[in-house]
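For the sequence shown, the positions run 694 to 817 when my numbering is used.
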Amino acid sequence: MEKSTKIMLVDDDSDYLEVTQLMLMDEGYDVIPAINGEDGVVKYKESEPDIVFLDIKMPGIDGYETFFRIKKVDSDARIVFASSYALENEKYKKAKEMNLCGIINKPAEFDEYEKMINKFAKSS
């Protein structure tokens, strides 16, 4: 797979966002950072990334609501939750029914991101 895959990272933790962005860019990926859910929805519409890594616990609209809004724009959106929180609830079940691609536990190493990219990115 070519490394020109467009990846969107949505996370309100600016340090984690920056470190993860640099890690993926160092591997040759095109990375679009978004600092919150609203920013993520807007940037998704603008950039149409191949895969989205989405934090769940964020101020404003949380990761679940961001997931649902992106899926409304693009039902084929490839989204992976990246979270350090337990995910067993009704919103999580609904997200799975709407083809949530997977979950990685933060903090995550590059190989965890790469596995998800190789498996689910639209360009793969």
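Even glycine gets a Cβ: it sits at the ideal position worked out from N, Cα and C. Predicted, not measured: the structure shown is a model, and the values here were computed from it.
Do you know whose CA, among the options, lies nearest residue i's CA?
| i | options | result |
| --- | --- | --- |
| Cys818 | Phe760, Pro800, Ala801, Asp804 | Nothing can be reported for residue 818: it is not among the residues displayed for the chain, which extend from 694 to 817. |
| Met718 | Asp704, Thr698, Asp732 | Thr698 |
| Ile744 | Gly730, Asp723, Gly753, Tyr757 | Asp723 |
| Glu739 | Phe803, Asn782, Ile763, Tyr757 | Ile763 |
| Ala814 | Gly756, Phe746, Glu790 | Phe746 |
| Met809 | Val703, Val773, Pro752, Leu710 | Val773 |
Are residue i and residue j close, meaning C-beta to C-beta below 8 Å?
| i | j | result |
| --- | --- | --- |
| Ile728 | Ser707 | yes |
| Lys750 | Met701 | no |
| Ile754 | Gly721 | no |
| Glu805 | Ile797 | yes |
Which class does residue i belong to by DSSP, given the choice of helix, strand or coil?
| i | result |
| --- | --- |
| Met674 | As displayed, the chain neither begins before 694 nor continues past 817, which places residue 674 out of reach and without an answer. |
| Leu710 | helix |
| Ile754 | coil |
| Glu695 | For Glu695, the pLDDT reaches just 48, beneath the cut-off of 50, and the residue's location in the model is therefore unreliable, leaving the point undetermined. |
Looking only at DSSP bridge pairs, what is residue i linked to?
| i | result |
| --- | --- |
| Ala727 | Val703 |
| Ser776 | Asn798 |
| Val745 | Met701, Ile772 |
- prompt: For the stretch 759 to 773 against the stretch 709 to 718, are there 3 or more C-beta pairs whose distance is under 8 Å?
  reply: Result no; under three Cβ-Cβ pairs closer than 8 Å.
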